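When we follow the working numbering, the leftmost residue of the sequence shown carries the number 249, and every step to the right adds one.
Virtual Cβ for every residue (Gly too), placed ideally from N, Cα, C.
Given the structure is predicted, the values throughout are model-derived calculations rather than measurements.
Since the structure comes first, as structure tokens, the remarks are kept for the end.
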Amino acid sequence: MLRRLQGSGSTLDDPALESYVTDILYQLAPYSNLPNTNLNVVVLDTTELNAFAVPGALIGINAGMLMYTDNQDQLASVLAHELSHLSQRHYALQRAQQERERPYWIAATIAGILAGVASGNADVGGAAVTSSLAANQGRSLAFSRLHEAEADRIGIAVLANAGFDPQAMPDMLSKLQRDYGNSTKVPEMLLSHPLTEKRIADSQARAATYPRRPHAADTRFLMMQARARVLLNKANQATLSYYQSRVKELPSDPGGHYGLALTYIERKQPAAALSELQWLEQKQHDSLLIQALRARYLAESGQGVSAISYLKQHLALFPDNLMLGRLLAQIYEDQNQLQSARALLEDLIAAHPEQAGLWYDLSEVRGKLKDTFGIHDARIEYFLRTASWEDAERQIRYARSTRGITVVQNDLLDAKENEVKEWKQWEKDMR
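Here you go:
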């Protein structure tokens, strides 16, 4: 599932947002009774409101959820809810129920069609088919509501035990009801997670059994929320206008200053970003987000060498940090320091082997270094991580034709060819 998502073009390839969501999940996970807390996280490139959990410890959240939530505790409540679905095996149970009921509703549907044929009246058959489908959907909805109630109950306990405000869960549900309860355009989240007044009341009662832990505005949350908005909207003119107004209306809001600075940087206007960056550095000088912004400012201002020196200094303290590492590799490449870019990317891949974007970056750098086998090798790995099996097979064929290929390299290609076959067979078996 992770590989399919990475290959779909629907993910927001941003290490900072992924890291932030992952950090919250790892605060929650020890209290979730999950047997496997080695979680994989994806942030999807959409303003739609949704989150999901898939067996195999994959948690996905739409970037729009970061824009929509009012604070970090509300965001944590969404993630705690999804972790609870995983820990209670709700998705596996739902699938098992659907498999058990499938023969019955298929039989009812066929019977309806035959009734229509026998009577010569299409409406008779249509009514029977509609009735059987409605009955099946009704059972599924009741099943789903039971699971939602259980995920809320357990999620509230997880929130409280992890140090978040348990009231954030009913607050989030009430916010959704207030904003979308009478709307004709229902978010994805409410289609897959039915919302009722009873569900909200039950969550209020459950949260009231735990002590409140209201938190002041979290600076990191505000900056990540701004980051999601800027990246989702591609730093367009509307986003620029939004943050220009916000900084005037809320001059002490770090989210506003960060959003405006990042928008200017994304729009290749580093000089305009400087005053916002300096304001942020005075308030949060130790923030990795702001350090990355300073490095981008230097690079965009034509000070690539200074940007490299600055990032190396901070990466020495956080050697596996994907955001800083990937940024440094990009600036190395821009400065034509290709050997350094390659070495750094290979180190980052050793720490984050499933990050498809790293393999793509490595293939580009190896291409500039005229490393023919290395290009194909990195592209094979990229296509493996994006579930692009035919593309991976094509790159394996190209790699085999590389002049001077060694026995070891050929054996490596054999292993990758077998891996592709295994993945294709696995997908076939899962259908």
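Using C-beta distances below 6 Å, list every residue in its chain close to residue i, excluding the 5 sequence neighbours before and after it, in chain order.
i	result
A375	With a pLDDT of only 46 at A375, under the threshold of 50, the placement of this residue in the model should not be trusted; the figure read from the coordinates follows. Contacts found: none.
L323	T317
A211	Coverage of the chain is limited to positions 249 through 679, which leaves residue 211 absent and any answer about it impossible.
S332	A399, I402, G403
L660	none
Y608	Y630
A547	A555, I579
S451	D400, M417, P418, L421
L610	L593, A626
D619	none
L624	Sequence check: residue 624 is His here, not Leu. The residues are Q643, Y646, A647.
A408	P414, Y458
Excluding the 5 residues preceding and the 5 following residue i in the sequence, name in chain order all residues of the same chain whose CB lies nearer than 8 Å to its CB.
i	result
V434	Y428
R447	R393, E396, A397, D400, L421
Q425	L443, E445, I448
E665	E641, I644
T295	N310, A311, G312, M315, L480
R648	N658, L661
V495	D501, G504, H505, L508, E524
Across which residues does DSSP place residue i in a beta bridge pair?
i	result
N288	L306
T270	Paired residue(s): none; T270 is not in a bridge.
T259	L292
F300	G308
Taking the Cβ atom as the reference point for each residue, do residue i and residue j lie within a distance shorter than 9 Å?
i	j	result
V326	A299	yes
Y558	L528	no
I307	N288	yes
D293	L480	yes
Q254	R627	no
A301	M417	no
Q603	R468	no
A455	Q415	yes
L572	Q539	yes
L297	E436	yes
Could you check how far apart the C-beta atoms of residue i and residue j are, in whole angstroms? I think they sit under 8 Å.
i	j	result
P303	R574	So it is not a contact: roughly 29 Å between Cβ atoms.
Y545	A521	6 Å
P518	S549	5 Å
R460	D534	Wrong, their Cβ atoms sit about 29 Å apart, outside the cutoff.
L563	L541	About 15 Å separates the two Cβ atoms, so there is no contact after all.
L606	L593	6 Å
V406	L260	With a Cβ gap of about 25 Å, V406 and L260 do not count as contacting.
L250	V290	7 Å
A465	Y279	Contact flag wrong, Cβ pair sits at about 24 Å.
G552	Q583	5 Å
Whose C-beta lies closer than 7 Å to the C-beta of residue i among residues of the same chain, with five residues either side of it excluded?
i	result
V478	T487, G507, L510, T511, E514
Y491	G504, G507, L508, T511
L389	Low confidence applies here, because L389 scores a pLDDT of 41, under 50, leaving its location unreliable; read the following figure in that light. P442.
W674	none
I653	F621
E330	A299, F300, A301, I307
L438	L424, Y428
R252	A635
Under 9 Å, Cβ to Cβ, is there at least one residue of chain C near residue i?
i	result
V655	Although the question refers to chain C, the structure presented lacks it and comprises just one protein chain.
Counting Cβ pairs closer than 8 Å, one from the region 256 to 274 and one from the region 463 to 473, do we hit at least three?
yes
Are the region 559 to 567 and the region 485 to 502 in contact at 8 Å, needing three or more beta carbon pairs?
no
Segment contact, 8 Å Cβ cut-off, at least three pairs: the region 632 to 652 with the region 280 to 297:
no
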